[in-house]
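Structure, as structure tokens:
Numbering (the UniProt record's numbering), first residue to last: 1 to 1186.
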């Protein structure tokens, strides 16, 4: 563990400062100390010796008189420091910790004026990047929310706050405060003049957190200064193994071999032998459900999973005596005692009070519906409704497993479930439940601050869901209407609407006697119930005995074991029920963007995050509360910057106008909501409920207050905000509502819209004006059927025909108000929003119908919108002086040239045509070798082809090819290695045909090209590079080693293997690397770079260590290996898993029998050709020649 202290000491020469600093050093043994506001203009060695001791090195920022000043002190035997920048408000240095890795270390003492503080953001930003770990500490003189301040003026979202928060987000910085006082500064005044604030902070970026996942920050006691010292502890979390608990992985569903294992024995641990593929595996651990699989964001998933582990780890707890407990066993004991007590009845049995008369009783028909026999179809519907990617219970079985293998496992599941409903007996192990502890708030360090979340077994979930689905049908009339949550067709927002109206009355009332409101919260009411109370309640409402038995069998006497830091507690048998479970909108959205790893998302990933998460955050508030337009605009601004730049602070190019982006996809946009319009649409539901006099909790009160107005949605001075919001949505309601006829008694013939959304009284024709029509539509109905004779007395024959075609509600039901386009009582808010935008002239709608990955769809949309920064595009905006194609074509680079006329693109399409003709069984409506010379014609051709066949392979491959061509162009422009046309063609084809290669078990253990991860899949080297894979194999008779060389297109150039007299695998792997170096010597002058890759992590570490310390090379073989590396301009050594190294493994294994040798003019052994050569490229390239 590495400790660092940061402290605004308010004068470093004060005796009190020296005393407290020495006490801090003695208590925490830091390797570095940062002192702020030192008030020393010139620091000498003598000053440091008196302050802290003789063994400390230092650098400093001089103070300006008695203001400011920074001193950075460190112990040189533990860290080394190189100063990079010294400014008035900050100091930046490179430090090397014990692992020799360089870190950026910045110390800040910020000015009170935010205009002056801007120099800090700009000055430090140049030293920060995504790959270098960074620590930032100091007094930033700015707070971020009301939670950071107590006393004084209320917090406001100012420009200063926005700039600070945006800077934190843009550099992926994370505040790790976990212990100590909430506030780091106090003005030390008395009474109401006292102010506390959190001005001091320590930040780590995501890269630093990846190195020290258990890092935390503590606020220490405030002594000798008005600021608290801050203690940073850099350490890793030791995650405890969870024993032999079986857990099903969603990725196993993609393997044919898994189906075979499940078919043989579906409930045993054999399926653990199936190998995992990387993206879905990490996404399951990350528990990120908004991002669609297929858009490669593996780095994001990896960081999110690591963050979840870190956030769920409990470092310490306080007991009832406020004693700090840090060991896992002591914390486990404390939690066990707390929950064991919590899950015991607090009121003795037999103390149930008399119940009031029930609001309603279960009818005989309802009782019959509740207790009817459970069928296979009912079980199947429940199984298919199970969520897929959810944490499993003790059985380790997820909804993904049950649904994926239901055709195999359904007999066993159904037999067990039906047996429960027949016998009323549930095996106790079904009710064994794992409990995970989720903090209710930040900095939870006491047992009651954690919310227990139950992880039930899958079969228990199925039984419970069957009971819940039946209970929903009878629950509503039994529960008082004031209960807004947990009852179908009710919304807790109804209570919020009433509360707002009541508070408006308080604000506008001139009552002399005054008004008072009470808020009552029955804390943990569910947790205080007993089994006998529940039983009495069921009987009180008249539930049938068999139903009561089913429910009580499910809920009585379960056993719970909570998971804690990877450990599982002893079982707790509960004796009472256990519950299974408005902050600043801008802060909430910023916090989502600041999630660890979000910066790793692609553009398509960021778009999905916006549409699925960020846009949904304000929806609940906007649906029943007035949100100022300034707040909605600020949210849109954050989303705009995040979409294009991945941050909210970097003001880069926005390639498309926001008004074009914030439209539905079918209207030419990206599906992002315009919040001002969306808020109006969300309130349509409330306007419909009011207009239709819906029997929700708030409507009768509003009808009594506003219902007599004409027109109905009209405003008066002093009306409440919520009524103003409803009126603003009223026009959409009046234009789209109509009556659906039941018995016709409440529907006016002339004044209600019942044929269309326009009342008949506003129609110009079709009506017999000589006769007065009846008042209500019921006069035109006879036994629920239209009376055509009577209709013809009042209306034209054409209109009568229209009326008689209208469906009527069955069983003489009441007339209801419905939305015209859907004939449903609830307005389709999503469709209402989309209908506000015109789709005429939209030329991008086809892109989103294409069955391809989101990244290709998003890229195609940008092409259609002419929003790619080609040199022609940049030159037209005076952003570049270069105009010609980077491939050396001497032609201006525009979209038509780069994708249609450039030889590089033509080569890609030529190779793609060969692959499609060789492997595709589809009819090719487009020949990739003969594409249009204009980008607009090419896009139209793709759109037409997709219209013929939505699953058109050629269109999908062309979309991928355009994406990869643009990627290659960018890497070329930035001087980086790029993929060749052949590899791009193969990648484009493979992205849409991977499932075709899964029928052979040979492909199961291979992570194919789509993953592009060097640990799990073979990845081609850059252009003008070679990649050499090597491997060693050991048997009883000795060892064999092998190596093979491939180029950037995946072509095999040379392979060799030989026998070795040893049984030590490490020696064999090392000699395989030496063989690889010998094998590559003839190619030294022909290629710029070489990449060595093996599956022995120990050997790779040996080779990398030899490169870092060549003077320690112990043998001539090491010297020879290093000389080969030095002969190339570039080199790389990396570790991969076995499935990415299968070709080298084959060469080594074959060399036990004979020395393996292959050169370009020789034929390969048939069995070698048959194996997958770590990627589709080699497989395809061996099947046909170019």
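A virtual CB, placed ideally from N, CA and C, is assigned to each residue, including glycine.
Exercise for review: With a threshold of 16 other CB atoms inside 10 Å of the CB of residue 1081, please say whether the residue is buried or exposed.
Suggested key: By the neighbour-count criterion, in which a residue is buried when 16 or more other Cβ atoms sit within 10 angstroms of its Cβ, residue 1081 is exposed.
Exercise for review: Whole angstroms is fine: what's the gap from residue 1223's alpha carbon to residue 222's?
Suggested key: Nothing about residue 1223 can be reported from this structure: the residues present for the chain run from 1 to 1186 only.
Exercise for review: Look at the alpha carbon of residue 467 and the alpha carbon of residue 532, and state the distance between them as a whole number of angstroms.
Suggested key: Spanning the two alpha carbons is a distance of roughly 20 Å.
Check your understanding: Helix, strand or coil: which one does DSSP assign to residue 739?
Key -> When secondary structure is reduced to three states using DSSP, residue 739 falls in the strand class.
Point to revise | residue 6 burial status per 10 Å Cβ neighbour count (16 or more: buried) | key: By the 16-neighbour rule on beta-carbons within 10 angstroms, residue 6 is buried.
Exercise for review: Alpha carbon to alpha carbon, how far is residue 381 from residue 673? Give it in angstroms, no decimals.
Suggested key: Counting only the Cα atoms, residue 381 lies some 34 Å from residue 673.
Review point. Quick one: is residue 412 buried, meaning 16 or more other Cβ sit within 10 Å of its Cβ, or exposed?
Key: By the neighbour-count rule (16 or more Cβ atoms within 10 Å), residue 412 is not buried but exposed.
**Study point:** Whole-angstrom distance between residue 400 and residue 631, CA atom to CA atom
**Key:** Straight-line Cα distance between these residues: approximately 40 Å.
Exercise for review: Closer than 7 Å by C-beta to residue 1000: which residues in its own chain qualify, once you throw out the five before and the five after it? Chain order, please.
Suggested key: With a pLDDT of 26 at residue 1000, under the threshold of 50, the modelled position of this residue cannot be trusted; read the value that follows with caution. If we look at residue 1000 and ignore the five residues flanking it on each side, it has no Cβ neighbours.
Review point. In three-state DSSP terms, what is residue 319?
Key: Of the three classes helix, strand and coil, the one that applies to residue 319 here is coil, per DSSP.
Review point. Between the C-alpha atoms of residue 278 and residue 1135, what's the straight-line distance to the nearest angstrom?
Key: Bear in mind that the predicted position of residue 278 carries a pLDDT of just 42, short of 50, making it too unreliable to give a figure here.
**Study point:** 7 Å Cβ shell around residue 656 - same chain, five flanking residues per side excluded
**Key:** Here the set comprises 865, 867.
**Study point:** Cβ-Cβ distance between residue 613 and residue 740 below 7 Å
**Key:** Against a cut-off of 7 Å, the Cβ pair of residue 740 and residue 613 comes out as no contact.
Review point. Does the beta-carbon of residue 226 have 16 or more other beta-carbons within 10 angstroms, so that it is buried, or is it exposed?
Key: When all chains shown are included, residue 226 counts as exposed.
Practice item. Could you name the residues of the same chain whose beta carbon sits closer than 7 Å to that of residue 911, not counting the 5 residues immediately before and after it, in chain order? Key: So the qualifying residues of the chain are 981, 982, 985, 1186.
Exercise for review: Please go through the same chain and pick out, in chain order, the residues whose beta-carbon is closer than 7 Å to the beta-carbon of residue 424, but skip the five residues on each side of it.
Suggested key: Counting only Cβ-Cβ distances below 7 Å, and skipping sequence neighbours, we find 549, 550, 553.
Review point. Counting Cβ pairs, one atom from each stretch, are 3 or more of them under 8 Å apart for the stretch 1091-1103 and the stretch 1017-1032?
Key: Enough Cβ pairs lie closer than 8 Å, so yes.
Review point. Just the Cα atoms here: how many angstroms apart are residue 510 and residue 717?
Key: Cα-Cα distance, rounded: 16 Å.
**Study point:** Runs of beta strand (DSSP E) wholly within the UniProt domain "Reverse transcriptase zinc-binding" (843-908) (minimum 3 residues, chain order)
**Key:** Within the UniProt domain "Reverse transcriptase zinc-binding" (843-908), no run of beta strand (DSSP E) reaches 3 residues while sitting entirely inside it.
Check your understanding: Going by Cα to Cα distance, which pick from 463, 392, 506 is closest to residue 454?
Key -> Relative to residue 454, the option among 463, 392, 506 whose CA is nearest is 392.
Practice item. Within the same chain, show all residues whose beta-carbon is closer than 7 Å to that of residue 502, passing over the 5 residues directly before and after it, in chain order. Key: The residues are 517.
Point to revise | Supposed contact pair residue 36 and residue 114 - C-beta distance, whole angstroms, cut 8 Å | key: Actually they are not in contact, since the Cβ atoms of residue 114 and residue 36 sit about 18 Å apart, beyond 8 Å.
**Study point:** Distance between residue 1104 and residue 1003 (C-alpha atoms, nearest Å)
**Key:** For residue 1003, the predicted model reports a pLDDT of 26, less than 50, meaning its position is unreliable and no value from the coordinates is stated.
Review point. Which residues share a DSSP beta bridge with residue 781?
Key: Paired residues: 786.
Point to revise | Buried versus exposed, by CB contacts within 10 Å (16 or more), residue 903 | key: Only exposed fits residue 903, as fewer than 16 other CB atoms lie within 10 angstroms of its CB.
Exercise for review: Can you say whether residue 8 is buried or exposed, counting buried as having 16 or more other CB atoms within 10 angstroms of its CB?
Suggested key: Flag for residue 8 reads buried.
Check your understanding: In terms of residues, what are the limits of the alpha helix (DSSP H) holding residue 383?
Key -> Its alpha helix (DSSP H) spans residues 376-384.
**Study point:** Alpha carbon of residue 219 to alpha carbon of residue 16, nearest angstrom
**Key:** Answer to the nearest angstrom: the Cα atoms are 19 Å apart.
Check your understanding: How long is the line joining the alpha carbons of residue 408 and residue 460, rounded to whole angstroms?
Key -> Going by the C-alpha atoms only, they are around 19 Å apart.
**Study point:** Counted within 10 angstroms of its Cβ, other Cβ atoms place residue 22 as buried (16 or more) or exposed
**Key:** The Cβ neighbour count for residue 22, taken over all protein chains shown within 10 Å, is under 16; the residue is labelled exposed.
Review point. Taking contact to mean at least 3 C-beta pairs separated by less than 8 Å, is the stretch 708-722 in contact with the stretch 780-795?
Key: At 8 Å Cβ cutoff, the stretches do not touch.
Review point. What's the gap between the Cα of residue 1038 and the Cα of residue 1160?
Key: For residue 1038 and residue 1160, the distance between alpha carbons rounds to 29 Å.
**Study point:** Neighbour-count burial assignment, residue 735, 16 or more Cβ in a 10 Å radius
**Key:** When all chains shown are included, residue 735 counts as exposed.
Check your understanding: So what does residue 655 bridge to, in DSSP terms?
Key -> Note: residue 655 sits in no beta bridge, so no partner.
Check your understanding: By a C-beta neighbour count over all protein chains shown, 10 Å radius and 16 as the cutoff for buried, is residue 162 buried or exposed?
Key -> Answer is buried; the Cβ neighbour count reaches 16.
Check your understanding: Where do the N-terminal and C-terminal ends of the beta strand (DSSP E) with residue 439 fall, by residue?
Key -> Its beta strand (DSSP E) spans residues 432-439.
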